[in-house]
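Step one of this worksheet: look at the structure below.
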Amino acid sequence: MDALDLARWQFAVTTVYHFLFVPITIGLSAVTGWYHVGWVRSRNEDSLRLAKFFGKLFTINFALGLVTGIVQEFQFGMNWSAYSRFVGDIFGAPLAFEALLAFFLESTFLGLWIFGWGKLPERLHASLMWIVHIGTLLSAYFILAANSFMQHPVGYRFNPRTGRAEMSDFIAVLTNKVQLITFPHVIFSSYMVGGGVVLGVSLYLLRKHSDGADRGMYRRAVKNGAVLALVASVLVCVTGDVQGKIMTEVQPMKMAAAEALYDTSQPASFSVFTIGSLNGDQEIFSVRIPHLLSFLATGDVNGKVEGINQLRPQERALAQKVTDRYGPEVGALVYDRTYTPYIPLTYWSFRLMMGMGFLLMAFSVVVLWALRRGGVPRSRGWTWVAVLAPIAPVLAMSFGWIFTETGRQPWIVYGLMTTHAGVSTSVSGATVATSLIVYTLLYAVLMVVEVRLFLTYVRRGAEPFSPPVGPSDVDDDAPLQFAY
Numbered sequence: 001m002d003a004l005d006l007a008r009w010q011f012a013v014t015t016v017y018h019f020l021f022v023p024i025t026i027g028l029s030a031v032t033g034w035y036h037v038g039w040v041r042s043r044n045e046d047s048l049r050l051a052k053f054f055g056k057l058f059t060i061n062f063a064l065g066l067v068t069g070i071v072q073e074f075q076f077g078m079n080w081s082a083y084s085r086f087v088g089d090i091f092g093a094p095l096a097f098e099a100l101l102a103f104f105l106e107s108t109f110l111g112l113w114i115f116g117w118g119k120l121p122e123r124l125h126a127s128l129m130w131i132v133h134i135g136t137l138l139s140a141y142f143i144l145a146a147n148s149f150m151q152h153p154v155g156y157r158f159n160p161r162t163g164r165a166e167m168s169d170f171i172a173v174l175t176n177k178v179q180l181i182t183f184p185h186v187i188f189s190s191y192m193v194g195g196g197v198v199l200g201v202s203l204y205l206l207r208k209h210s211d212g213a214d215r216g217m218y219r220r221a222v223k224n225g226a227v228l229a230l231v232a233s234v235l236v237c238v239t240g241d242v243q244g245k246i247m248t249e250v251q252p253m254k255m256a257a258a259e260a261l262y263d264t265s266q267p268a269s270f271s272v273f274t275i276g277s278l279n280g281d282q283e284i285f286s287v288r289i290p291h292l293l294s295f296l297a298t299g300d301v302n303g304k305v306e307g308i309n310q311l312r313p314q315e316r317a318l319a320q321k322v323t324d325r326y327g328p329e330v331g332a333l334v335y336d337r338t339y340t341p342y343i344p345l346t347y348w349s350f351r352l353m354m355g356m357g358f359l360l361m362a363f364s365v366v367v368l369w370a371l372r373r374g375g376v377p378r379s380r381g382w383t384w385v386a387v388l389a390p391i392a393p394v395l396a397m398s399f400g401w402i403f404t405e406t407g408r409q410p411w412i413v414y415g416l417m418t419t420h421a422g423v424s425t426s427v428s429g430a431t432v433a434t435s436l437i438v439y440t441l442l443y444a445v446l447m448v449v450e451v452r453l454f455l456t457y458v459r460r461g462a463e464p465f466s467p468p469v470g471p472s473d474v475d476d477d478a479p480l481q482f483a484y
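Just so you know, my numbering puts 96 at position 96 of the sequence shown, and the rest follows in order with no gaps.
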């Protein structure tokens, strides 16, 4: 493989790994804040115990997400310097806001929340986790604004003197129509992940303490997690439907690739399952739902969906237009010459995204049914539900991002710059291969650390209730220490 392929692999590995922690962090910050406020308002001992318990799991994921996220921004300058030079004036602005505003908001107030037990007024202390949660939302918004520019570039002008795309309207970048639907879709997905984690972890502990004093606490936590996961999943479906229609409008090739639709169809059916040739250019067998793709793409059950073969000339013309306007160093040569993404990957990642999401919805419904009338799930089969409930939504989001990014190929910024043109020309394949191996091994070690820490605290469960100490009872000269 050459430097381009290796650079793409490295960014894919580090991005997918980092993104495993992001939705858990967003979801658990809201769950922790909700339980903490519940304690302050009702003085329910279980709420305080669960706030501290899920706060531990949140902190573990926040720390690992921080470590793995730092690598992302370095790669823009190291492996993708041509891309950074051409659109860095636009892409860098929302990332700077994320780092200087949102991240410091998260880290500062998380520190105050961790070390503030007994040292801050209760109401103020309970509000800190919500400020952290707001920080996670702001981080997501600015990062998604940068990514949405790559999906649908707006708010820029080309400077022929410098040969760079420069920002002309920051508000347009922040209110990109792709951004305005992607943000709620990602946030509801993160709440779905948070609900799945609470559901799975609490279900495991409920079965472990099914006859103990903590049975009621974990049973309520399981119910809360299932409700959150189910409601968030429905909202994900709603926002995903709108996002699909906007995606068809701005990137018609991505929708065609998601369905492996080679020829324009009106109406278009949706294939639940397809067996095709290795390169995806021929269908051998499929199971289809009539009219569904037309509705997903256009909102009309009889709407026309353009096929890959009809869109290729448009993509080729767009690439030629970019080359003529901005120069060959930006348009360059499309490395695969097909002007289409890799069809099998886009096709299956799209379906795995939906399949994992629907699996969590099914788990939530089944769990809520099992909990009716005071019931407690006891059979061994529920262990699989406890294990898969947190994993399924995380995989759904990961496959969703794989589809989003690979479905845009061969463009790094759709209709503005090709991926082939964005890679660093001064970095050799050996250099990228070395860093890829190092990062992969390092991330493997971090994954072992993450999983062991997470499982260790899950097995311990919520700590026994201990009456909180007020600020007036704390020794001001006592050193700060971690609350757990």
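All C-beta atoms in this analysis are idealised placements derived from N, C-alpha and C, irrespective of residue type, glycine included.
- prompt: Bridge partners of Arg164, per DSSP?
  reply: Working through the sequence shown from its first residue, we reach residue 164 at position 164. Per DSSP, Asn159.
message: Is it the case that the stretch 214-228 contacts the stretch 184-196, given that we only count it when at least three CB pairs across the two stretches are under 8 Å?
response: yes
message: With a threshold of 8 Å, are at least 3 pairs of Cβ atoms found where one atom belongs to the stretch 458-468 and the other to the stretch 51-67?
response: yes
task: Kindly list the residues whose CB is nearer than 7 Å to the CB of Phe58, restricted to its own chain and excluding five residues on each side of it in sequence; keep chain order.
output: Looking up residue 58 in the sequence shown gives position 58. Same-chain partners within the cutoff: Thr25, Leu28, Ser29, Thr32.
query: Going along the chain, which residues of its own chain have a beta-carbon closer than 6 Å to the beta-carbon of Gly135, five neighbours each way excluded?
result: For the purposes of this step, residue 135 is identified with residue 135 of the sequence shown, where counting begins at 1. Only Ala102, Leu105, Glu106 meet the Cβ criterion.
- prompt: Between the stretch 292-305 and the stretch 204-218, do at least 3 Cβ pairs fall closer than 8 Å?
  reply: no
query: Considering only residues of the same chain and omitting the five flanking positions on each side of Pro390, which have a CB-CB separation below 6 Å?
result: Translated into the one-based positions of the sequence shown, residue 390 becomes position 390. Cβ neighbours of Pro390 beyond the five flanking positions: Gly196, Val197, Gly200.
message: Please report the distance separating the alpha-carbon of Ser190 from that of Asp2.
response: For the purposes of this step, residue 190 is taken as the residue at position 190 of the sequence shown. For the purposes of this step, residue 2 is taken as the residue at position 2 of the sequence shown. Those two C-alpha atoms are separated by around 35 Å.
message: I'd like to know whether the C-beta atoms of Met417 and Phe86 end up nearer to each other than 7 Å.
response: As a position in the sequence shown, residue 417 is number 417, starting the count at 1. As a position in the sequence shown, residue 86 is number 86, starting the count at 1. Yes, they are a contact pair.
message: Nearest by alpha-carbon distance to Phe350: which of Phe363, Ala396, Thr340 is it?
response: Sequence index remark: in the sequence shown, residue 350 carries index 350 (1-based). Checked all of Phe363, Ala396, Thr340; the closest Cα to Phe350 is Ala396.
query: Under three-state DSSP, which class holds Phe273?
result: Here the question's residue 273 lines up with position 273 in the sequence shown. DSSP places Phe273 in strand when its eight states are reduced to three.
Cut-off 7 Å between Cβ atoms - residues of its own chain near Glu306, not counting five sequence neighbours on either side: Translated into the one-based positions of the sequence shown, residue 306 becomes position 306. Result list for Glu306: Pro252, Ala256, Thr264, in chain order.
query: Taking the C-alpha atoms as reference points, what is the distance between Asp324 and Gly163?
result: To locate residue 324, count along the sequence shown from 1; it is residue 324. To locate residue 163, count along the sequence shown from 1; it is residue 163. Approximately 13 Å, taken between the alpha carbons.
task: Using DSSP bridges, identify the partner residues of Val67.
output: Mapped onto the sequence shown, residue 67 falls at position 67. Beta-bridge pairing links Val67 to no other residue.
- request: Can you tell me the Cβ-Cβ gap for Gln243 and Ile143, rounded? I've got them flagged as a contact below 8 Å.
  value: Indexing the sequence shown from 1 puts residue 243 at position 243. Indexing the sequence shown from 1 puts residue 143 at position 143. In fact, because the Cβ distance is near 17 Å, the residues do not count as touching under 8 Å.
- prompt: With a cut-off of 8 Å, do at least 3 Cβ pairs link the stretch 406-425 to the stretch 147-161?
  reply: yes
query: How is Thr108 classed by DSSP in three states: helix, strand or coil?
result: Taking the first residue of the sequence shown as position 1, residue 108 is located at position 108. In this structure, Thr108 counts as helix in the three-state DSSP scheme.
- request: Please report the Cβ distance between Ser148 and Glu98, rounded to the nearest whole angstrom; I am assuming they are in contact, meaning their Cβ atoms lie under 8 Å.
  value: Mapped onto the sequence shown, residue 148 falls at position 148. Mapped onto the sequence shown, residue 98 falls at position 98. With 8 Å as the limit, Ser148 and Glu98 do not qualify as a contact, their Cβ atoms being about 13 Å apart.
query: Going by DSSP, which residues form a beta bridge with Arg288?
result: Translated into positions along the sequence shown, residue 288 becomes position 288. Ser271.
- prompt: Residue ranges of each beta strand (DSSP E) run of no fewer than 3 residues wholly in the stretch 15-103, ordered along the chain?
  reply: none
Start-to-end residues for the beta strand (DSSP E) that takes in Trp411: Within the sequence shown, residue 411 is the residue found at index 411, counting from 1. Unbroken beta strand (DSSP E) run through Trp411: 411-413.
Rounded straight-line distance, which links the Cα of Arg380 to that of Gln179: Within the sequence shown, residue 179 is the residue found at index 179, counting from 1. Within the sequence shown, residue 380 is the residue found at index 380, counting from 1. Going from the Cα of Gln179 to the Cα of Arg380 covers about 43 Å.
query: With Ala7 and Val432 assumed to form a contact (beta carbons below 8 Å), what rounded beta-carbon distance in angstroms separates them?
result: Walking along the sequence shown from the start, residue 7 turns up at place 7. Walking along the sequence shown from the start, residue 432 turns up at place 432. Contact holds; Cβ gap of about 5 Å.
task: Could you round the C-beta distance between Trp34 and Leu48 to whole angstroms and report it? I think they count as a contact, below 8 Å.
output: The count along the sequence shown starts at 1 and reaches residue 34 at position 34. The count along the sequence shown starts at 1 and reaches residue 48 at position 48. So it is not a contact: roughly 12 Å between Cβ atoms.
task: State the DSSP-derived secondary structure class of Thr340, mapped to helix, strand or coil.
output: Working through the sequence shown from its first residue, we reach residue 340 at position 340. Here Thr340 sits in coil by DSSP.
query: From which residue to which residue does the alpha helix (DSSP H) around Trp130 run?
result: Walking along the sequence shown from the start, residue 130 turns up at place 130. Taken as a continuous stretch (DSSP letters only), the alpha helix (DSSP H) holding Trp130 covers 122-151.
message: So, with DSSP's three-state summary, where would you put Thr346?
response: Your numbering for residue 346 matches position 346 in the sequence shown. Thr346 falls in the helix class under three-state DSSP.
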